[in-house]
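**Student:** Structure incoming, see below.
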Amino acid sequence: MEPGSTGDERVDAVLAALGALQGTPVAGHVAAFERVHLGLQEVLADTDGTGRDAG
48 MEPGSTGDER VDAVLAALGA LQGTPVAGHV AAFERVHLGL QEVLADTDGT
98 GRDAG
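Written as structure tokens, this is what we have:
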């Protein structure tokens with residue numbers, strides 16, 4: 048596992064978006080946080096590996 052890695056490539060990809068916040072206006076941070084939150088919810092919804100649309 049790489050330093051700063053969560054061990055889950057999907058989570059790491061979602062969290063990578065936070066790195067883009069540096070140097071951006073604070074007013075745009077809320078939308079970025081909402082996208083990250085949604086992305087993490089999608090990963091959690093897929094904890095059984097079948098995807099949200101399965102079943």
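Heads up: take any position in the sequence shown, counting from 1, add 47, and you land on our numbering. The C-beta atom is built at its ideal place from N, Cα and C for all residues, glycine as well.
With respect to the alpha helix (DSSP H) encompassing Leu68, which residues constitute its N-terminal and C-terminal limits?
**Tutor:** Segment: none, Leu68 is in no alpha helix (DSSP H) and carries neither H nor E.
**Student:** Please state if the CB of Leu87 and the CB of Val61 are separated by a distance shorter than 8 Å.
**Tutor:** Going by C-beta atoms, Val61 is nearer than 8 Å to Leu87.
**Student:** How about Ala79 and Ala64: are their beta carbons less than 8 Å apart?
**Tutor:** Yes, the Cβ-Cβ distance between Ala79 and Ala64 is below 8 Å.
**Student:** For the candidate residues Ala74, Gly70, Asp59, whose alpha-carbon lies nearest to that of His84?
**Tutor:** Nearest C-alpha to His84: Asp59.
**Student:** May I have the straight-line CA-CA distance separating Gly51 from Val73, to the nearest angstrom?
**Tutor:** If you take the alpha carbons of Gly51 and Val73, they lie about 24 Å apart.
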